[in-house]
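Colleague: Pasting in a structure now, in structure tokens, and then I'll have a few things to ask.
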Amino acid sequence: MALSSLTPESLITTSLLLTATLLILAALVTLFIYRTTFSPLSHIPGPLLWRASRLPFAYNLFLGRLPYRLSTLHEEYGPIVRVAPNEVSFTTVDAWNDIYSVRKRENGVKVQMRKDPFMLLSPMEGTRDMIFELDDAEHARHRRIFSHAFSEKSLRDQEPIIAQHINRMSARLHEVNSKPVDMSAWFNYLLFDTIGDLVLGEALGCLETGTLHPWANTFFKFAKGITLMGMVERFWPLAPILMSFIPKSMQDAEAQHRDFTRDKLTNRLAKSSPRKDLISVISPFLSASGPNNLSLTELHNNTSVIVVAGSETTATALTGLTYYLLSNPPTLTRLKSEIRSTFTNAKDITMDSTRSLPYLTAVISESLRIFGPVPGQLRRIVPQGGCVISGVSVPGGTIVAVDGYSASHSAENFVAPKEFVPERWLSDSELRALSMSRSINEITAPKDFSNDHKKVVQPFSFGPRNCIGQRLAVAEMRLVVARLVWEFDFKIEEECKNWVEGMKVYTLYERPPLMCRVKPVEVRE
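In terms of the working numbering, the sequence shown opens at residue 3 and continues consecutively.
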């Protein structure tokens, strides 16, 4: 277009657009320089683009590879890394205590770091649950009430219900006899049936049908959806536009999940049952007075998250443990020896009896280290005035977290961090008692692991907001692993030899099938 053809109006418009573009570029350059050079976090190392923008963090999250990328960054930059303009990731033992425990201010007031609000769901009917409750006092009230359902006594009362479903899984695996089965799916069937029975008063029929209940599929969409939506909401004012790229089925999954649990809970409350399930322990608090009172909405919201936390995470832990066991034949041989020499009858495999098995305990500990079921971060906000975390000064308003995956896979924390070595959790006396010392090569000798930072492994989180159901989860893992190893021989299929490689993560793992051949050892009863 010739300059002579431009009208005064078009020249003004062009000039305004050019000016606006230059101003935006100047603002972006200024912001880039500030964030990378003059920010209060500029003393903390990290890659240039990550320090300047949250886009690299979001990009890796949307691809489902964030934990792996963060682990690489920690390998390059050390145990304290700036992973966004206003976010710092840690992999040290001290950081667990500094971030997640209760702090005492100079005025004597005890405070906890506030949860990152972008991790949270909107409260249902004005009421949150234990996981998403922001207020510390309200969280403590909920936890105090529900702790009765996860006490040692309740666990013993619930054991017959758990054993019933393990027996059913055993029977179904006998039916497949040497045929390839997806153990990832079967652990889902077991745990969804078990938690449905414990919390909602009825199994979902997964073990019976050999398929997932439709509600379970809704949950998987729900888990991925809240991860993606939480990140999108950070990009205001573009959030409404970006939200349109998230499938509506994911956005609607939360409401569908809560509707399902509400209906099941209503049916359970209407029944009079002598069984010692979760509702039998908690329902008396519905009519309690004072701080021990629990509203029906609070019961519903909490059961909604308990059925999630008590099913998928334990199924993931069991699947990861199975993969690593089958990928390490010497370890599997040692575990078989311990379990099969201890029990002569399936009925002898109980919560109490499995506690005394040191190698089983070590296998579970190592599996939770190398394949923790929740590899995502639990972010907190540093309070105004700032604080010191793992020896580093962090200003108020900064998002901080221990990256559990990176911490558990760090060579600064563990010898041979990528290897599955349960022996690292055993003492010299335990190794001698198990008569395994001669079969352990030099790298797995106990002295090699004396400097491992085992306390950095916190698969159930840390502090007053740690997982209330961890006692149940570990008990279930003990029972399931002991029973399956005692009763069956497993062999992983060739196509699953690299099962763990490239697995996507959206707060939780997106597990592909773990195909195994399952063969009963012998008829023992």
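We treat Cβ as the ideally placed atom computed from N, Cα and C, and that holds for glycine.
Does the region 375-388 touch the region 514-522, meaning 3 or more C-beta pairs lie closer than 8 Å?
Modeller: no
Colleague: Within this structure, are the beta carbons of Leu192 and His167 separated by less than 7 Å?
Modeller: yes
Colleague: Using DSSP with H/G/I as helix, E/B as strand and the rest coil, what is Arg236?
Modeller: coil
Colleague: Evaluate Arg371 with the Cβ neighbour count: other Cβ atoms within 10 Å of its Cβ, from every protein chain shown; 16 or more gives buried, anything less gives exposed.
Modeller: buried
Colleague: Go through its chain and collect everything with a Cβ distance to Ser186's Cβ below 8 Å, but skip five positions before and after it.
Modeller: Ala317, Thr321, Arg513, Pro514, Pro515, Leu516
Colleague: Check whether the region 339-356 touches the region 215-234, taking contact to mean three or more Cβ pairs, one atom from each stretch, closer than 8 Å.
Modeller: Because the criterion of three Cβ pairs below 8 Å is not met, the region 339-356 and the region 215-234 do not touch.
Colleague: Using the DSSP secondary-structure output, state which residues sit across from Met132 in a beta bridge.
Modeller: None, per the DSSP bridge assignment.
Colleague: Is any beta-carbon of chain C found at less than 7 Å from that of Ala173?
Modeller: Among the protein chains of the structure shown there is no chain C, as only one such chain exists.
Colleague: Per DSSP, Val404 forms a beta bridge with which residues?
Modeller: Phe92
Colleague: On the three-state DSSP scale, how would you describe Val423?
Modeller: It is coil, neither helix nor strand.
Colleague: Taking one C-beta from the region 351-363 and one from the region 90-98 each time, how about it: are there three or more such pairs within less than 8 Å?
Modeller: Taking 8 Å as the limit for Cβ pairs, the verdict is that the region 90-98 does not touch the region 351-363.
Colleague: Give the straight-line distance between the Cα atoms of Leu200 and Arg473, rounded to the nearest whole angstrom.
Modeller: 14 Å
Colleague: Taking contact to mean at least 3 C-beta pairs separated by less than 8 Å, is the region 296-306 in contact with the region 221-232?
Modeller: no
Colleague: Going by CA-CA distance only, name the one from Tyr407, Asp450, Ala413 that's closest to Trp427.
Modeller: Asp450
Colleague: Mapping the DSSP letters down to three states, classify Val507 as helix, strand or coil.
Modeller: strand
Colleague: Taking all protein chains shown into account, do 16 or more other C-beta atoms lie within 10 angstroms of the C-beta of Gln460, making it buried, or fewer, making it exposed?
Modeller: buried
Colleague: Can Ser313 and Ile197 be called in contact, C-beta distance under 7 Å?
Modeller: The Cβ-Cβ distance between Ser313 and Ile197 falls below 7 Å.
Colleague: Would DSSP call Met517 helix, strand or coil?
Modeller: strand
Colleague: What's the C-alpha gap between Ala257 and Thr305?
Modeller: 14 Å
Colleague: Is Glu432 closer than 7 Å to Pro360 when the C-beta atoms are compared?
Modeller: yes
Colleague: Hey, how far is the Cα of Leu19 from the Cα of Ala28?
Modeller: 14 Å
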